[in-house]
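*Asks:* For the first sequence, the positions run 5 to 356 when this note's numbering is used. For every residue, glycine included, the Cβ atom is placed at its ideal position computed from N, Cα and C. Note that the coordinates shown come from a computational prediction; the quantities given were computed from them, not determined experimentally. Sending over a structure as structure tokens; questions will come in a sec.
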Amino acid sequence: MLQQTQVSRVVERFEAFVDRWPTVSALASATEGEVLSMWQGLGYYRRALRLHEAAKACVARFGGKVPKRAAELATLPGVGRYTAGAVASIVHGERAAIVDGNVARVLLRVHGRALDPAARSTQEWLWSTAQDLVERASSAATLNEGLMELGALTCTPRAPRCGACPWRPRCIAHRDATVDRIPTAVARTSRPTVHWETLVMQDARGLVLDRRSNRGLWAGLWQTPTIEHASAAAPRAFDPKTAWQGVRGIVEAGAFTVVTSPRRVAFRVWVAEPPRRLARGWQRVLPESLGEHAMSNAMRRVLETASSVRPTAGARATRSRAAGGSRRTPVPATAPRPAAHGRSYGRSRRAG
DNA sequence: CACGCGTGGCA
DNA sequence: TTGCCAAGCGT
């Protein structure tokens with residue numbers, strides 16, 4: 005859970021996860037959908053799928069135990085050099101090095117090296133330096149945790165607290181006043197916007213969802229049926245009646261853009277009556293079962309946007325203004341919090 | 001080696 | 001408002 009995710013985001017979710025699956029064999033017995041539903045809102049959902057695979061690998065290859073050595077840990081899906089070293093050193097005391105973003109920043113600054121953190125040569129130097137430290141430390145666990153804490157709390161990316169740093173006397177970057185230039189900035193990747201149309205169909209018999217593929221963005225999560233425009237340009241002539249034939253009462257509910265990684269997704273939300281026959285892959289989900297269907301936070305916002313709009317029943321469409329002029333529906337400033345398993349979202353959770 | 005992969009806090 | 005960044009990993 006901690007991979008590329010801040011501790012504060014993890015602490016509120018970790019306990020519920022291990023309460024539900026206290027052992028690797030329990031996790032290995034869960035379904036993919038159950039695991040994803042406990043991961044909702046945490047992001048990087050393939051981590052959840054790999055963790056599930058790793059649990060199954062522990063059952064299949066390590067007698068239902070999590071291996072202790074870093075070298076064995078690193079053979080598990082989703083466990084790389086950092087995670088293997090962190091578990092082996094902190095849990096079992098092995099003298100295994102770790103280099104995460106925090107450690108890299110600390111080491112580069114202390115040694116005054118303005119290197120590209122992503123470069124292979126820099127990574128080799130970082131791992132070698134971290135290994136040297138952990139071999140000389142009295143406690144591998146304390147050294148590794150201390151390095152990360154130093155980076156997270158004191159040697160921060162911006163406005164580092166050098167006055168409180170125990171390594172200030174030996175810090176080359178501090179001596180040379182280059183702290184704010186190390187590490188060098190990573191290359192910016194542009195974030196193009198893609199345009200998606202999504203259709204919210206809900207009635208007393210439930211909400212119509214389908215499941216995204218296990219590859220790509222929001223892998224394996226549930227969504228309202230969505231059309232992803234191939235072109236990066238905004239779709240001028242999208243006709244929902246043509247795109248979703250046989251669906252009646254389609255009306256636009258609003259539009260919004262979410263920033264994801266590594267692009268923006270501009271959603272236009274449509275509301276309609278559920279058709280008599282569902283298209284292939286579509287599935288009705290009752291409100292009380294929504295929590296078992298893992299959804300991205302973006303999809304939560306889709307449901308919020310749709311929640312104030314009804315499909316047109318007859319001739320007079322209360323169609324909102326076209327995409328460019330569309331006013332946002334009154335949604336809360338922040339998306340609903342990721343709910344625990346079994347809770348429902350969408351209409352029933354709408355604020356106000 | 002470069003890129004894809006979520007989300008939220010913060011300046 | 002926008003961009004930066006986070007207890008990385010796999011392809």
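To which residues of the same chain is tryptophan 171 closer than 7 Å at the C-beta, ignoring the five residues directly before and after it?
*Replies:* Same-chain partners within the cutoff: Val114.
*Asks:* By how many angstroms is the C-alpha of leucine 203 removed from the C-alpha of leucine 6?
*Replies:* Taking the straight line from one Cα to the other gives about 34 Å.
*Asks:* Return helix, strand or coil for aspartate 180, following the three-state DSSP convention.
*Replies:* Aspartate 180 falls in the coil class under three-state DSSP.
*Asks:* Roughly how many angstroms lie between the CA atoms of threonine 27 and arginine 215, to the nearest whole one?
*Replies:* Looking at the two C-alpha atoms, the distance is approximately 28 Å.
*Asks:* Taking the alpha helix (DSSP H) that glutamate 149 falls in, what are its first and last residues?
*Replies:* 144 to 153 is the span of the alpha helix (DSSP H), which, as asked, contains glutamate 149.
*Asks:* Less than 8 Å between the CB atoms is what I'm expecting for arginine 50 and alanine 223, so what's the real figure, rounded?
*Replies:* With 8 Å as the limit, arginine 50 and alanine 223 qualify as a contact, their Cβ atoms being about 6 Å apart.
*Asks:* Is the closest heavy atom of the ligand SAM to the C-beta of proline 164 under 7 Å?
*Replies:* Absence of the ligand SAM is noted for the structure shown, with no ligands found whatsoever.
*Asks:* Which whole-angstrom value is the C-beta distance of valine 200 and alanine 270, which I expect to be below 8 Å?
*Replies:* Reading the sequence as shown, one finds tryptophan at residue 200 and not valine. At roughly 7 Å, the Cβ-Cβ gap stays under 8 Å, so tryptophan 200 and alanine 270 are in contact.
*Asks:* Where arginine 252 and methionine 205 are concerned, what is the direct C-alpha to C-alpha distance, given to the nearest angstrom?
*Replies:* Going by the C-alpha atoms only, they are around 10 Å apart.
*Asks:* How long is the line joining the alpha carbons of histidine 233 and valine 198, rounded to whole angstroms?
*Replies:* The alpha-carbon atoms of histidine 233 and valine 198 are separated by roughly 7 Å.
*Asks:* Would you say alanine 141 and glycine 97 are within 8 Å of each other, going by their C-beta atoms?
*Replies:* Their beta carbons are not under 8 Å apart, which means alanine 141 does not touch glycine 97 by this criterion.
*Asks:* Output the boundary residues of the beta strand (DSSP E) element that contains glutamine 206.
*Replies:* It spans 197 to 207 - the beta strand (DSSP E) in which glutamine 206 sits, taken as one unbroken run.
*Asks:* Measuring CA to CA, which of Trp25, Leu31, Ala52 is closest to threonine 9?
*Replies:* Of the listed residues, the one whose Cα sits closest to threonine 9 is Ala52.
*Asks:* Comparing C-alpha positions only, which one of Ala134, Ala58, Ala122, Pro121 sits nearest to serine 93?
*Replies:* Nearest C-alpha to serine 93: Ala134.
*Asks:* With tryptophan 286 as the anchor, note down where its alpha helix (DSSP H) starts and where it stops.
*Replies:* Per DSSP, tryptophan 286 belongs to no alpha helix (DSSP H) and is neither H nor E.
*Asks:* Please classify leucine 357 as buried or exposed, where buried requires at least 16 neighbouring CB atoms within 10 angstroms.
*Replies:* It is not possible to answer for residue 357, since the shown part of the chain is limited to 5 through 356.
*Asks:* Please go through the same chain and pick out, in chain order, the residues whose beta-carbon is closer than 6 Å to the beta-carbon of aspartate 23, but skip the five residues on each side of it.
*Replies:* Same-chain partners within the cutoff: there are none.
*Asks:* Which whole-angstrom value is the C-beta distance of valine 138 and alanine 100, which I expect to be below 8 Å?
*Replies:* At roughly 7 Å, the Cβ-Cβ gap stays under 8 Å, so valine 138 and alanine 100 are in contact.
*Asks:* Can you tell me which of the three DSSP states threonine 9 falls into?
*Replies:* DSSP places threonine 9 in coil when its eight states are reduced to three.
*Asks:* Figure out for me which residue from Met303, Pro187, Ser312 has the closest Cα to the Cα of threonine 230.
*Replies:* Comparing Cα-Cα distances from threonine 230 to each of Met303, Pro187, Ser312, the minimum goes to Met303.
*Asks:* What is the DSSP secondary structure of glycine 47, counted as helix, strand or coil?
*Replies:* Three-state DSSP puts glycine 47 in coil, outside helix and strand.
*Asks:* Starting from the N-terminal side, write out each stretch of the beta strand (DSSP E) that is 3 residues or longer and does not extend beyond the stretch 248 to 311.
*Replies:* The stretch 248 to 311 contains these whole beta strand (DSSP E) runs: 255 to 263, 268 to 276, 287 to 289.
*Asks:* Just the C-alpha distance for leucine 213 and proline 81, rounded to the nearest angstrom, thanks.
*Replies:* One C-alpha to the other measures close to 29 Å.
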